[in-house]
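Student:
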Amino acid sequence: MGAQLVRPLVVVTNREPYADERTRSGTRHVQKAGGVVSALDPLLREIGGDWVAWGSGSADRETSPGGVRPVPLANPRYRLHRVYLTPEEVQGYYTRYANQGLWPLSHMLVERARFSRRAWPIYRSVNGKFARRVARESRPSALVFSHDYQLALVPTLVRQLRPDLAIAHFWHIPWPVFPVLRLCPQYQELLKGLLGADVLGFQTDDDVEAFLTAVQRTFRQARVDLENQHVYWQNRTVQVQSFPISVDVKAIEEIVATPRITRWSHGIRRRLLRPGQQLGVSVDRADYTKGIIPRLEALREFFHRYPERMGQVVFLQVVVPTRSEVHAYRTLFHDVERETHRINEEFGHGDWAPVVTLRRSLDRDRLMGLFRAADFALVSSLFDGMNLVAKEFVSAQIDRRGVLLLSETAGAAQELDAALTVSPWDPEGFAATLDQALSLPLEERQQRLRTMQQHLHRHTLYDWVTDILTALDSTAYAIER
Ligand code: GDG
49 MGAQLVRPLV VVTNREPYAD ERTRSGTRHV QKAGGVVSAL DPLLREIGGD
99 WVAWGSGSAD RETSPGGVRP VPLANPRYRL HRVYLTPEEV QGYYTRYANQ
149 GLWPLSHMLV ERARFSRRAW PIYRSVNGKF ARRVARESRP SALVFSHDYQ
199 LALVPTLVRQ LRPDLAIAHF WHIPWPVFPV LRLCPQYQEL LKGLLGADVL
249 GFQTDDDVEA FLTAVQRTFR QARVDLENQH VYWQNRTVQV QSFPISVDVK
299 AIEEIVATPR ITRWSHGIRR RLLRPGQQLG VSVDRADYTK GIIPRLEALR
349 EFFHRYPERM GQVVFLQVVV PTRSEVHAYR TLFHDVERET HRINEEFGHG
399 DWAPVVTLRR SLDRDRLMGL FRAADFALVS SLFDGMNLVA KEFVSAQIDR
449 RGVLLLSETA GAAQELDAAL TVSPWDPEGF AATLDQALSL PLEERQQRLR
499 TMQQHLHRHT LYDWVTDILT ALDSTAYAIE R
């Protein structure tokens, strides 16, 4: 990719792309995992700019004089501006309001959502902290690109401080339907916060429609143009549009074709499989929205219904630790281990264990190598804004032998329509589709992958960002691939 920066860019996210952690012998510089970071870091490395984020690493303060850390360390390409939060702020803004309130609500898992009256003012004031930092670091005429449910108030707060800036905000997770949104006591404030943006991006048209409906039902003074996806609000036009996020398909193809990852990829098959067996994979943050337990239940159902499949499949589930400060996330690990153990006890025999659970993160190159190595991938989220793992799996399948089983309630399903569809709410159906996947002729596997790979080549990560920034200012960027 070649890109030319015409107006300065300021990215704003909750999570920082790089953290510095204290160790016994000094400090360690780590790149953080997660959808948002893996989408934006390659872009800023290419075009440069500024990134404002919460400095969450234990050694962040020492390593960033004046709160600024040029990154990546080995070859600095952009400036990371760290916003520091007190433990009370982290608890109120991040753990409680964002992760125990907005996250489950947006995924329509209403019984898990709790909105604390004490957390709300903290969420608001931390959004203010981010907005002030953005206002301070942004050069005149900069484009601000803020992100997600932790920072819903940033667009309006930045606009109040710096009306000269153009602001795009992208909402990475689903937008809940109005009867669900209304359960949040502060939903009107959240809508007002987001309407401070010039461009408001969502993953799918369903999200856009749900957002526009909420605005229409809530504010009599807003004029909503459903057809052109505009809101006229406080003498401004807010463009509300879907921009499905994607992956850097070429970079993934290149990584998995290197001799090192090719060797690793073959090696993992040799280590895990006996001749004739197929390798299934799933990779998720340990999050209840990803449907890990329903997936394991479907696997159990699968071996019950199709006993002849015993010994034919090894399923590797990588569960990456995340948000361990939230109780529901800590208990999920135990549940995954319990379910894994149950399946292996019930169906395993000799040296064959149907499920292998890996509770740690892998480096990105190996992760892509694992996707290349797999015969099938299970992505069975309950709800998911997009799901980059599904797109990465398709991109990494350069040998074109893998089958993607994808939940229809993940945003990715709207584009990857050559995947086999599964529902985490339908274990029998899930099991039947898995049985079908294992017998899918090679030609059909290839055809399905080819269709999806072509789509990803036409809609890359760079198209996503170009489309958003061009919607903000058609003259802002020249990005060539
Ligand atoms: C949110 C939305 C939306 C995972 N394990 C490791 C690792 N990862 C990488 C994956 C992928 C990313 O993290 C996860 O992205 P997802 O899209 O699957 O999910 P969320 O984190 O929930 O992301 C989601 C996304 O934002 C972007 O808009 O798609 O719907 O929920 O890239 O590969 N990376 C490394 N090691 C791991 O162990 N290096």
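In case it helps, our numbering puts the sequence shown at residues 49 to 529. Ideal Cβ positions, reconstructed from N, Cα and C, are used throughout, including at glycine.
#1: Looking only at C-alpha atoms, which of 449, 64, 78, 102 sits nearest to residue 88?
#2: Would you check whether the ligand GDG has a heavy atom nearer than 7 Å to the C-beta of residue 86?
#3: Which whole-angstrom value is the C-beta distance of residue 292 and residue 251, which I expect to be below 8 Å?
#4: Who pairs with residue 364 in a beta bridge, going by DSSP?
#5: Which of the three DSSP states, helix, strand or coil, is assigned to residue 278?
#6: Considering just the uninterrupted stretch of the beta strand (DSSP E) at residue 69, what are its terminal residues?
#7: Is there at least one non-hydrogen atom of the ligand GDG closer than 7 Å to the beta-carbon of residue 368?
#8: Rounded to whole angstroms, what's the CA-CA distance from residue 379 to residue 282? Just pull it up for me.
#9: Quick check: what's the CA-CA separation for residue 175 versus residue 328?
#10: Residue 468 and residue 494: beta carbons closer than 8 Å?
#11: Taking residue 454 as part of the beta strand (DSSP E), name the residues at either end of that continuous run.
#12: Spatial neighbours of residue 333 within its chain, please: C-beta separation below 6 Å, excluding the five flanking residues on both sides.
#13: Please tell me whether residue 200 and residue 241 are closer than 8 Å, where the distance is taken between their beta carbons.
#14: Can you give me the Cβ contacts of residue 481 inside the same chain, cut-off strictly under 8 Å, excluding the 5 residues immediately before and after it?
#15: How many Å lie between residue 322 and residue 445 at the Cα?
#16: Just to confirm, does residue 220 get its C-beta within under 7 Å of one of the non-hydrogen atoms of the ligand GDG?
#17: Following a CB-centred definition, is residue 384 positioned closer than 7 Å to any heavy atom of the ligand GDG?
#18: Sorry if obvious, but does the Cβ on residue 409 come closer than 7 Å to a heavy atom of the ligand GDG?
#19: If you run the structure through DSSP and keep just helix, strand and coil, what is residue 529?
#20: Nearest CA to the CA of residue 122: which residue from 94, 134, 129, 77?
#21: So residue 126 and residue 97 are in contact, right, with Cβ under 8 Å, and what is the actual spacing, rounded?
#22: Is it a yes or a no for the segment 382-402 touching the segment 299-314, going by three-plus beta-carbon pairs under 8 Å?
#23: Below 7 Å, is the gap between the Cβ of residue 433 and the nearest heavy atom of the ligand GDG?
#24: Just checking residue 345 against the ligand GDG - is the residue's beta carbon closer than 7 Å to any of the ligand's heavy atoms?
#25: Within its chain, find whatever has a CB closer than 7 Å to the CB of residue 212; leave out the 5 residues flanking it on each side and keep chain order.
#26: What are the boundary residues of the beta strand (DSSP E) that includes residue 128?
#27: With the cut-off set at 8 Å, would you say residue 363 and residue 357 are in Cβ contact?
#28: In whole angstroms, give me the CA-to-CA distance for residue 443 and residue 239.
Tutor: Answer, in terms of the structure:
#1: Checked all of 449, 64, 78, 102; the closest Cα to residue 88 is 64.
#2: At a cut-off of 7 Å, the beta-carbon of residue 86 counts as near the ligand GDG: some heavy atom of the ligand is closer than that.
#3: The distance from the Cβ of residue 292 to that of residue 251 is about 6 Å, consistent with a contact at the 8 Å cut-off.
#4: In the DSSP assignment, the residues bridged to residue 364 are 329, 404.
#5: The answer is strand: DSSP assigns residue 278 an E or B state.
#6: Under the DSSP assignment, residue 69 falls in the beta strand (DSSP E) whose first and last residues are 66-71.
#7: Under cutoff, so the answer is yes.
#8: The alpha-carbon separation between residue 379 and residue 282 amounts to approximately 45 Å.
#9: Roughly 41 Å separates the two Cα atoms.
#10: Taking 8 Å as the cut-off, the Cβ atoms of residue 468 and residue 494 do not count as close.
#11: Bounds of the beta strand (DSSP E) holding residue 454 are 451-455.
#12: Setting aside the 5 residues that flank it on each side, residue 333 is surrounded in the same chain by 368, 370, each with a C-beta closer than 6 Å to its C-beta; the list follows chain order.
#13: Yes.
#14: Cβ-Cβ distances below 8 Å link residue 481 to 453, 468, 469, 470 in the same chain, with the five nearest sequence neighbours on each side left out; the list follows chain order.
#15: Taking the Cα positions, residue 322 is about 21 Å away from residue 445.
#16: Residue 220 has its CB nearer than 7 Å to a heavy atom of the ligand GDG.
#17: Not under cutoff, so the answer is no.
#18: Yes, the beta carbon of residue 409 sits closer than 7 Å to at least one heavy atom of the ligand GDG.
#19: Confidence at residue 529 is low in this model, with a pLDDT of 45, below 50, so its placement is unreliable and the value that follows should be read with caution. Residue 529 falls in the coil class under three-state DSSP.
#20: Nearest in C-alpha terms to residue 122, of all of 94, 134, 129, 77, is 77.
#21: The beta carbons of residue 126 and residue 97 sit about 5 Å from each other, so the pair counts as a contact at 8 Å.
#22: With a cut-off of 8 Å on Cβ pairs, the segment 382-402 is not in contact with the segment 299-314, counting fewer than three such pairs.
#23: Distances taken from the Cβ of residue 433 to the heavy atoms of the ligand GDG include one shorter than 7 Å.
#24: No - the ligand GDG has no heavy atom lying nearer than 7 Å to the Cβ of residue 345.
#25: Cβ neighbours of residue 212 beyond the five flanking positions: 188, 189.
#26: For residue 128, the enclosing beta strand (DSSP E) has its first and last residue at 126-131.
#27: Contact flag unset, no.
#28: Straight-line measurement puts the Cα of residue 239 at about 36 Å from the Cα of residue 443.
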